[in-house]
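Q: Residue numbers (the working numbering), protein chains in the order written: chain A, 1 to 108; chain B, 109 to 216. What follows is a structure written as structure tokens; I'll ask about it next.
Protein chains: 2
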Amino acid sequence: MSSIHITARCPIRTTLELVGGKWKLLILFQLFNGPLRLTGLKKSIPDISEKMLIQELKTLADSELVSRKNFGEVPPRVEYTLTEKGKAAMPLIEAMRDFALRYERKME
Amino acid sequence: MSSIHITARCPIRTTLELVGGKWKLLILFQLFNGPLRLTGLKKSIPDISEKMLIQELKTLADSELVSRKNFGEVPPRVEYTLTEKGKAAMPLIEAMRDFALRYERKME
DNA sequence: TTATATACTAACCTTTTTGTAAGTATGAGT
DNA sequence: ACTCATACTTACAAAAAGGTTAGTATATAA
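As structure tokens, this is what we get:
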């Protein structure tokens, strides 16, 4: 309730910085079912551009929500996995789903 | 879990459209404590510009998350209140707070 | 030697979002 | 007549986000 104070750095703003934008939550959500490679992610989010996907993955890895494992093979093989911090985003995604469904009066 | 499918219009994207961006959730959050006028909102979110505040309030009113009551007085007096749909955003904000706190390891 | 597969980079552009600064309207009070 | 308070508008500018296209690297297989 009033335990959140709107200041330059409040929890709401922190979360917006971490997972705000058009793609980050969609990417995180895909990774909840297990690690995926770039190609797999691209298939599961058809309308994201390769550039954005790589760029967002890098941001997510920088903030430690996702980890990146390079197998050092040729052709390249790189796997993206949710970290524990990344998994903490699941309740957030569930809350978003609930909100959207309630907004569209499809539940409750 | 896999009950969300990432398509052109999925719950995640719907929510992002409704409350995405830098300000909407901050505004909604302020209104949880009761109706506020423009001036009151401006004070509680010090770094928002007047233009953005009005603009976002209009968007929120258009999507029926906030209702606008004009008292028709001079000088103008207009009150903004959360609708039921708007109140449905509270769990979302709580989930964001939990995520941020967990990210910063301030709670478990 | 040539093609293949995959992750990634770089240059460039367009669109969207956000910000700044100035102005409008008007009844009440002085 | 003049000022005040308040919500809002408008024109413009800056910044951030997102998109497109072409290219790089390289072990392996044909």
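Even for Gly, the Cβ is constructed at its ideal location relative to N, Cα and C.
1. In this structure, what does DSSP give as the bridge partners for A:T81?
2. My assumption, with CB atoms under 8 Å, is that A:A88 sits in contact with B:R210. Please give the rounded CB distance.
3. Keeping to the same chain, check which residues put their C-beta closer than 6 Å to that of B:T189; ignore five residues upstream and five downstream.
4. Quick check on DSSP: helix, strand or coil for A:R105?
5. Do A:I45 and A:L26 count as a contact pair if the criterion is CB distance below 8 Å?
6. Relative to the alpha-carbon of B:T115, which residue among A:D47, A:I12 and A:P11 has its alpha-carbon at the smallest distance?
7. According to DSSP, which residues form a beta bridge with A:L60?
8. Could you pull the start and end residues of the alpha helix (DSSP H) that B:S157 belongs to?
9. Count the other CB atoms within 10 Å of the CB of B:Q138; is the residue buried (16 or more) or exposed (fewer)?
10. So what does DSSP say about B:R117, is it helix, strand or coil?
A: Looking at the atomic coordinates:
1. A:S67, per the DSSP bridge assignment.
2. Confirmed, Cβ separation roughly 5 Å.
3. Close CB contacts of B:T189 within its chain, under the 6 Å cut and outside five residues either way in sequence, are with P143 and S175 (chain order).
4. coil
5. yes
6. The residue with the shortest Cα to Cα distance from B:T115 is A:D47.
7. Paired residue(s): none; A:L60 is not in a bridge.
8. It is not in any alpha helix (DSSP H) - B:S157 carries neither H nor E in the DSSP assignment.
9. Looking at its Cβ environment, which holds 16 or more other Cβ atoms inside 10 Å, B:Q138 is buried.
10. It is coil, neither helix nor strand.
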